[in-house]
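Take the position in the sequence shown, starting the count at 1, then add 191; the result is the number in my numbering. Quick notes on the structure that follows.
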Amino acid sequence: MDDTRLLESYSAEEKMAYLSAIASLATADRQASAAETEFLQALVHLAGLEGEAGQQVLAAAQDATNQSIQRDLDVLKTSDLRFPLVADLISFARADGEYADGEEAMIGKMAQYLGISQQQKQTLETVVDQAATVPHDPQDLAKRGFFDRIGDMLSSMGIPKSALMTGMLGVVAPVAISRVMSGGNNQGRGSLLGGRGGGSLGGLLGGAAYSGLGSMLGGMLGGTGGGNGVQGSMLGGLPGGSLGGSMGGGGGGPQPVHATDEPRLMAYDVRGLSDRSGSTVLVRGEKIFHSEFVKNAPLLDLLKAGSSVPASIWDEIHHGVRGPDGNGNQSSEGSEALDSTQTTASEPEENRQLLVETQEQVRPTEPFALTVQVVTEALAAGPGAGVAAFPAGFVGQVDLDVKAPGLHLMSPSFQQLDVPARGDSDRVRFLLRAAVAGTYRIRVDAWNGAAYLTSVEVIVKAEAAQAETSALPLLPPHSPQPVAEPLPLPARARRARPWVGVPRSPTSTR
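Here is the structure:
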């Protein structure tokens, strides 16, 4: 990834409003620390803001009253940068592994003020969550492949993909940092709202020991860094913050990953179960510091950051390619603890299938549902149902991506399905609608992070309902019998009329 300028396709006013809003919200009800101010200066420089515009961003971080925030939000109301701003806040709020009700409510109100719908906000939350599962690729630090894959989902919700990719604080950097942060020292990291005791910005970004935008992101994702770019003095050596404390702080180059007063940080690769290639667990002493790319849900539960390393999983771990010094050096400490290569016996794996079902025929303009499920037995019947073999032994989360050309997706096209160790999964439901009559193909792709699993395609036909009268002949099959004229009434009866006045006696005569 080249060290390109941040937000380069946006005006100076939009850049200033975006960074000022981040500065204000990340340092809520207090002034920014020296480390936070230094990092903001680096962001201002990378965004190409000069003079008064840059000073205004720094002033926002020092304004404990946050009087400038509404002005910034008013600017962003008409800018695509409102989407990465909300994604940033979601990332910051989840940096400690939690999403507090107060933080979620505040983000919801801000999204509403910016004109972002609830569905769009939920889509941004999904993007943030999914970005956290994308394996690290040194050739694609900006996760362009991931964004290309979810482009249809973003477009269907009216969210420009380019906006999320352009802001460094959007989805890439915060999620990458939060991965490293997820099990780190929580001291010195305040909440998104309160921000006391170090603050979110300081906690998330303080101590970054990497130079240049590309090197910084690469270091955060891969655990190593380096380079001697012009931003080395700005981005490296920031004191304070959990990242600095956990990773040892330091100047503008790679630093030892252990602190002098703590056990060494060990990196291990997980093996022994399905889909374990490249999975990494960072262990400090007997505590899990961070785990990433662990696909098996039960094992992931055992590898929560901050928990003790269960003895039951040591047989499934061997020392990884990244040693305690970050250079791949093996450690006798790690090797001795992990010599065992025995694996526990397991039950026979089930043969399961991915089942996709919908109606064979629908009415135009009327919503219809499409369901996706992993099942042990499935018999597809008709074009509205389809099955495909599902990887044996898979356990964990599947990313479902629906492509339905010509149809309108009324729900997000990108949803997740939790697959248990055995048996059927729950159903995931998509809602679609056909605007006009026709035959449509719907394709469901199943992914595990960036790994492709399988696909299923079904066909649905939209036909307008025929009017009931259209099936009747325009003329009766035979002519009706003529109706006779009514018989004339007797003359007296025709002349009869009701009496007016007092009736005569029946015995009276004329």
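In this text, a Cβ means the ideal position worked out from N, Cα and C, and glycines have one as well.
Item to check | Euclidean distance between Cα positions of SER346 and GLN550 | outcome: Your numbering for residue 346 matches position 155 in the sequence shown. Your numbering for residue 550 matches position 359 in the sequence shown. Cα to Cα, the separation comes out at about 25 Å.
Item to check | Sub-9 Å separation of PHE559 and ALA625 beta-carbons | outcome: Against the sequence shown, residue 559 aligns to sequence position 368. Against the sequence shown, residue 625 aligns to sequence position 434. Result yes, Cβ atoms of PHE559 and ALA625 sit closer than 9 Å.
Checklist entry - With 16 other CB atoms within 10 Å as the buried threshold, where does TYR201 fall? => result Translated into positions along the sequence shown, residue 201 becomes position 10. Result: buried.
Checklist entry - PHE585 bridges to which residues according to DSSP? => result Counting from 1 along the sequence shown, the entry for residue 585 is found at position 394. None, per the DSSP bridge assignment.
Checklist entry - Can you tell me the Cα-Cα spacing of THR630 and ALA653, whole angstroms? => result Stepping through the sequence shown from its first residue, residue 630 is reached at position 439. Stepping through the sequence shown from its first residue, residue 653 is reached at position 462. The straight-line gap from Cα to Cα measures roughly 6 Å.
Next on the checklist: Would GLN552 and SER616 be called neighbours here (beta carbons separated by less than 9 Å)?
Outcome noted: Your numbering for residue 552 matches position 361 in the sequence shown. Your numbering for residue 616 matches position 425 in the sequence shown. For GLN552 and SER616, no; Cβs fall outside 9 Å.
Item to check | Per-residue burial, GLU316 [other beta carbons within 10 Å of its own, 16 or more giving buried] | outcome: To locate residue 316, count along the sequence shown from 1; it is residue 125. The residue is buried, with at least 16 neighbouring Cβ atoms inside 10 Å.
Checklist entry - Which value, in whole angstroms, describes the spacing of the CA atoms of ARG262 and ALA208? => result Taking the sequence shown and counting its residues from 1, one reaches residue 262 at position 71. Taking the sequence shown and counting its residues from 1, one reaches residue 208 at position 17. If you take the alpha carbons of ARG262 and ALA208, they lie about 8 Å apart.
Checklist entry - From ARG387 to LEU216, what distance separates their C-alpha atoms? => result Taking the sequence shown and counting its residues from 1, the one referred to as residue 387 is at position 196. Taking the sequence shown and counting its residues from 1, the one referred to as residue 216 is at position 25. Confidence at ARG387 is low in this model, with a pLDDT of 31, below 50, so the placement of that residue is unreliable and no value is reported for it.
Next on the checklist: Please report the distance separating the alpha-carbon of ILE735 from that of ALA637.
Outcome noted: The requested residue 735 is not part of the displayed model; the chain covers only 192 to 701.
Next on the checklist: Which of the three DSSP states is assigned to ARG613 in this structure?
Outcome noted: Here the question's residue 613 lines up with position 422 in the sequence shown. Reduced to three states, the DSSP call for ARG613 is coil.
Item to check | For VAL647 and ARG632, the rounded distance between their alpha carbons | outcome: As a working mapping, residue 632 is identified with position 441 in the sequence shown. As a working mapping, residue 647 is identified with position 456 in the sequence shown. The alpha-carbon atoms of ARG632 and VAL647 are separated by roughly 10 Å.
Item to check | Rounded C-alpha distance that separates LEU561 from PHE283 | outcome: For this step, residue 561 is matched to residue 370 along the sequence shown. For this step, residue 283 is matched to residue 92 along the sequence shown. Their Cα atoms are separated by approximately 34 Å.
Next on the checklist: Between MET344, ALA322, PHE337, LEU264, which has its C-alpha nearest GLN303's C-alpha?
Outcome noted: Here residue 303 refers to the residue found at position 112 of the sequence shown. Taking only the C-alpha atoms, the option nearest GLN303 is LEU264.
Checklist entry - Which of helix, strand or coil does DSSP assign to LYS300? => result Here the question's residue 300 lines up with position 109 in the sequence shown. In this structure, LYS300 counts as helix in the three-state DSSP scheme.
Next on the checklist: Check for me: the beta strand (DSSP E) holding LYS652 runs from which residue to which?
Outcome noted: Reading the sequence shown from its first residue, position 461 is the one you call residue 652. Element bounds for LYS652: 642-653.
Checklist entry - Is DSSP giving TYR209 helix, strand or coil here? => result Residue numbering aside, residue 209 sits at position 18 when the sequence shown is read from its first letter. In the structure shown, TYR209 sits in a helix (DSSP, three-state: H, G or I).
Next on the checklist: Are the CB atoms of ASP609 and ASN639 within a distance shorter than 9 Å?
Outcome noted: Position 448 of the sequence shown holds residue 639. Position 418 of the sequence shown holds residue 609. Cβ atoms of ASN639 and ASP609: not closer than 9 Å.
Checklist entry - Buried or exposed: which applies to LEU622, given that a residue is buried once 16 or more other Cβ atoms fall within 10 Å of its Cβ? => result Within the sequence shown, numbered from 1, the residue matching residue 622 stands at position 431. With fewer than 16 Cβ atoms within 10 Å of its Cβ, LEU622 is classed as exposed.
Checklist entry - Nearest to GLU227 by CA position, among GLY575, ALA250, PRO611, is which residue? => result To locate residue 227, count along the sequence shown from 1; it is residue 36. Selected option, being the one with the closest Cα: ALA250.
Checklist entry - Can you give the beta carbon distance from ALA354 to LEU272, rounded, assuming they're within the 8 Å contact cut? => result As a working note, residue 354 is residue 163 in the sequence shown. As a working note, residue 272 is residue 81 in the sequence shown. About 6 Å separates the two Cβ atoms, so the contact holds.
Checklist entry - Assuming THR645 contacts LEU545 under a Cβ cut-off of 8 Å, what Cβ separation, rounded to an integer in Å, is found between them? => result Along the sequence shown, one-based indexing puts residue 645 at 454. Along the sequence shown, one-based indexing puts residue 545 at 354. Confirmed, Cβ separation roughly 6 Å.
Item to check | Beta-carbon contacts of SER211 that lie in its chain and below 7 Å, excluding the five residues immediately before and after | outcome: Working through the sequence shown from its first residue, we reach residue 211 at position 20. These residues qualify, in order along the chain: GLN247, VAL248, ALA251, SER259, ASP263.
Next on the checklist: Quick test of your reading: ALA595 and ALA628, contact by CB under 8 Å. State the CB separation rounded to the nearest angstrom.
Outcome noted: What you label residue 595 is simply residue 404 of the sequence shown in a count that begins at 1. What you label residue 628 is simply residue 437 of the sequence shown in a count that begins at 1. Not really, about 16 Å apart at Cβ, beyond 8 Å.
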